[in-house]
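So the protein sequences, as listed, match chains A and B.
Numbering (numbering that gives the first Met the number 0) for the first sequence: 0 to 505.
Numbering (numbering that gives the first Met the number 0) for the second sequence: 0 to 126.
Quick reminder that beta carbons are idealized off the backbone N, C-alpha and C, glycines included.
Treat the numbers as computed from the prediction; the structure is a model and nothing was measured.
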Amino acid sequence: MTYAQPNQPGALVNFASRYENFIGGEWVPPAEGRYFENLSPVNGKPFAEYPRSTAADVDRALDAAHTAFATWSKTSVAERAALLHRIADVLEENLEAFAVAESWDNGKPVRETLAADMPLAVDHFRYFASCIRAQEGTVAELDENTVAYHFHEPIGVVGQIIPWNFPLLMAAWKVAPALAAGNCVVLKPAEQTPTSITMLVEKCASFLPPGVLNVVHGFGIEAGKPLASSPRISKVAFTGETTTGRLIMQYASENLIPVTLELGGKSPNLFFADVFDQDDDFAQKALEGFGMFALNQGEVCTCPSRALIDAKIYGEFVERAVDRATAHVPGNPLDPATTVGAQASQDQLEKILAYLDIGRQEGATVRMGGERAQLEGDLAEGFYVQPTVFEGTNDMRVFQEEIFGPVVSVTSFDGYDHAIHIANDTLYGLGAGVWTRDGSVAYRAGRAIKAGRVWTNCYHLYPAHAAFGGYKQSGIGRETHRMMLDHYQQTKNLLVSYDPKPMGFF
Amino acid sequence: MGDASDQTTISGDAPGVDATDAALALIARLRDMHGPLMFHQSGGCCDGSAPMCFVEGEFKLGARDVQLGTVDGCPFWIGGDQYERWKHTRLTLDVVPGRGASFSLEIPEGVRFIIRSTLCDPADGPR
């Protein structure tokens, strides 16, 4: 059954006409009193207003965060873990409403928000609640009387800039470890997708200690820059693209603070000939793995947007893969049967269409799709693209740039070495996929591909407890793993002498 | 802008970038609001593969950035590695309605610069 649209009869979620910033535990209007309209990509229509914040609002949030840090940084790990569990519980108890809201705001199918975005966000909060309880410092006995203690201390007030492709899940990835480690957060959601994080703080406002988590809405140049360039943050985390990534590093260098960056990729998905040795479940699993390019309409930093297929099976594989992928046509994101929803914004749609054009100009063959998808009725103004399969060569721009749409570029390889060469012939190194029945090939390929994560006989799994992050121009740092705590902590070393006697040196 | 003297500057009869009338009109409007401008072509995730418009000097250029040309007097740059993979195409700066993210100056206006591309011969173009 298709979910009712928000604010319609029977809707699971109803939005106010206007929201404010969440600062110091209160809803605070923007200093300059300006707001922007938030559109749903499902139908292209506005549904709520959010603050168009400026430096004054960021400063106010930083004031609140610094005030809160004095006490939050001293809370017990039990207390911090309990807070993360309560956030997770709230999210889980309202999972369906969050899923519908996220789908409406981002355009992604509710099938995905119900099965992936929201349950994963819940689990990331619980995972970091566990990690912080299990974390211990270290003690080194340097000699009989001298001991080095290493304590984990929070970094301070951190700035986090969240992308729009998995709005709440990406916020959870960053907020959970930051709060677990004892930091206070000023978070700027993407201006296309301010909804779900606002819902979350709304539902958690009664128990979130004021100032520990602050949400400031607005545009990058007006609110993101004052946050990222502020000398009052001790760390900045960003997910996005390379030019803004460089700009964030540039601001961080001016303040000598650390950054974590996740900047995308052009992930290769390698299919070795033995996947078709038998026509069994595994062969179907591999074909399903090919189709993952359309997950979240391709708006995933690790979208398997280059399929590299063993020449020995190329013709048959592409035919069967395309046949299987044609089942996925864009539809109403609020229908749980829909597997491909709307692109997140109109400019994304236009950018994807520009890539469909350049792919054709470069001589790539369109095996399926290749056009905007026109839906009917009240979805006619939404931003939909047909899942598209290009065949071509790895030097084409559609093989080299992240299109961030449901578009895969397919080519063949002759042997293992050729496969690895093509896989690594990219500026990026975030994700990759390897499909084979041969464990030795899987292991060697996985180690040879220069990417932070190589899914092996699977793809697009994002569990907590498996590190995620980029090689090469895909970024700096890792997320979704205990090691993320290191990005949000600094080490305090106490070097202690228990020797009652003088050193005898001076 | 930082000292650009050591960066590659493209010259010649075939500029690597031009602009539509709509993009030129937006540039004029943004320049009235913010002063001299620059562009840097992004890559990667989310709003990647989109051109970014900044106040000139906001974005620190590196030795390996490549200037594709100018658009209405605004220098247009791209990272050196990315240039190598784009140089067989000529870029046209255009503008569309939409709410992009990133720090690009036009976003508060509810529009977004985008790049359209046409094939060219790298030998007689940007070099």
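Straight-line gap, residue i to residue j (C-alpha atoms, nearest Å)
i                      : j                      : result
residue 97 of chain B  : residue 275 of chain A : 44 Å
residue 447 of chain A : residue 456 of chain A : 16 Å
residue 142 of chain A : residue 150 of chain A : 19 Å
residue 5 of chain B   : residue 62 of chain B  : Confidence at residue 5 of chain B is low in this model, with a pLDDT of 45, below 50, so the placement of that residue should be treated as unreliable; the coordinate-derived value is given next. Answer to the nearest angstrom: the Cα atoms are 6 Å apart.
residue 356 of chain A : residue 99 of chain A  : 33 Å
residue 104 of chain A : residue 463 of chain A : 24 Å
residue 22 of chain B  : residue 88 of chain B  : 19 Å
residue 476 of chain A : residue 260 of chain A : 7 Å
residue 183 of chain A : residue 127 of chain A : 15 Å
residue 229 of chain A : residue 57 of chain B  : 15 Å
residue 502 of chain A : residue 490 of chain A : 27 Å
residue 162 of chain A : residue 14 of chain A  : 21 Å
residue 271 of chain A : residue 443 of chain A : 13 Å
residue 83 of chain A  : residue 201 of chain A : 15 Å
Chain-ordered chain A contacts of residue i [CB-CB under 8 Å]
i                      : result
residue 106 of chain B : 190, 218, 219 and 220
Min CB distance residue i to chain B below 9 Å
i                      : result
residue 105 of chain A : no
residue 73 of chain A  : no
residue 164 of chain A : yes
residue 427 of chain A : yes
residue 51 of chain A  : yes
residue 131 of chain A : no
residue 35 of chain A  : yes
residue 238 of chain A : yes
residue 400 of chain A : yes
residue 281 of chain A : no
Proximal chain A residues relative to residue i, where beta-carbon distance stays under 7 Å
i                      : result
residue 102 of chain B : 219, 220, 223, 224, 243 and 246
residue 49 of chain B  : 350
residue 81 of chain B  : 426
Below-9 Å beta-carbon distance, residue i vs any chain A residue
i                     : result
residue 74 of chain B : no
residue 18 of chain B : no
residue 70 of chain B : no
residue 40 of chain B : yes
residue 55 of chain B : no
residue 63 of chain B : no
residue 31 of chain B : no
Sequence-distant residues of the same chain with beta carbon closer than 6 Å to residue i, five excluded per side
i                      : result
residue 7 of chain B   : Confidence is the limiting factor: at residue 7 of chain B the pLDDT is only 48, short of 50, which leaves the residue's position unreliable, though a coordinate-based value still follows. Cβ within range, chain order: 65.
residue 72 of chain A  : 153 and 181
residue 11 of chain B  : Because the pLDDT of residue 11 of chain B is 41, which lies under 50, any placement of that residue in the model is unreliable, and the number read from its coordinates should be weighed accordingly. Answer for residue 11 of chain B: no residue qualifies.
residue 19 of chain B  : 93
residue 500 of chain A : none
residue 426 of chain A : 472
residue 310 of chain A : 411 and 413
residue 506 of chain A : In the structure displayed, chain A extends from 0 to 505; residue 506 of chain A sits before or after that span and is not available.
Cut-off 8 Å between Cβ atoms - residues of its own chain near residue i, not counting five sequence neighbours on either side
i                      : result
residue 33 of chain A  : 50 and 51
residue 33 of chain B  : 54 and 104
residue 227 of chain A : 158, 160, 235, 237, 246, 247, 250 and 251
residue 99 of chain B  : 46, 49, 106 and 111
residue 136 of chain A : 148, 149, 150 and 151
residue 482 of chain A : 466
Partner residues on chain B for residue i, Cβ-Cβ distance less than 8 Å
i                      : result
residue 38 of chain A  : 98
residue 503 of chain A : Per Cβ cutoff of 8 Å: no residues; residue 503 of chain A is ~52 Å from chain B at best.
residue 249 of chain A : 58 and 59
Proximal residues of chain B, C-beta to C-beta of residue i below 7 Å
i                      : result
residue 357 of chain A : 88 and 116
residue 338 of chain A : Here the premise fails: no neighbours, minimum Cβ distance about 22 Å.
residue 326 of chain A : Those do not exist, as residue 326 of chain A stays about 27 Å from chain B at its closest Cβ, beyond 7 Å.
Which residues DSSP lists as bridging residue i, in chain order
i                      : result
residue 506 of chain A : The structure shown has nothing for residue 506 of chain A, since chain A only spans 0 to 505.
residue 107 of chain A : Answer is none; residue 107 of chain A lacks a bridge partner.
residue 54 of chain B  : B/36
residue 268 of chain A : A/306 and A/432
residue 18 of chain B  : B/92
residue 454 of chain A : A/432
residue 183 of chain A : A/156
residue 296 of chain A : Looking at the DSSP assignment, residue 296 of chain A forms no beta bridge with any residue, so it has no partner.
Same chain, Cβ closer than 7 Å to residue i, neighbours up to 5 away in sequence not counted
i                      : result
residue 352 of chain A : 371
residue 378 of chain A : 41, 42 and 331
residue 458 of chain A : 268, 288, 291, 303 and 432
residue 165 of chain A : 116
residue 115 of chain B : 91 and 93
residue 321 of chain A : 366, 367 and 388
Listed by chain order, chain B residues near residue i by CB distance under 9 Å
i                      : result
residue 344 of chain A : 97, 98, 99, 100 and 111
residue 168 of chain A : Chain B residues near residue 168 of chain A: none, gap ~14 Å exceeds 9 Å.
C-beta neighbour in chain D for residue i, strict 9 Å
i                      : result
residue 394 of chain A : The displayed structure is made up of protein chains A and B, and chain D is not among them.
Residue i beta carbon near the ligand FMN (any heavy atom closer than 8 Å)
i                      : result
residue 279 of chain A : The model on display carries no ligand, and the ligand FMN is accordingly not part of it.
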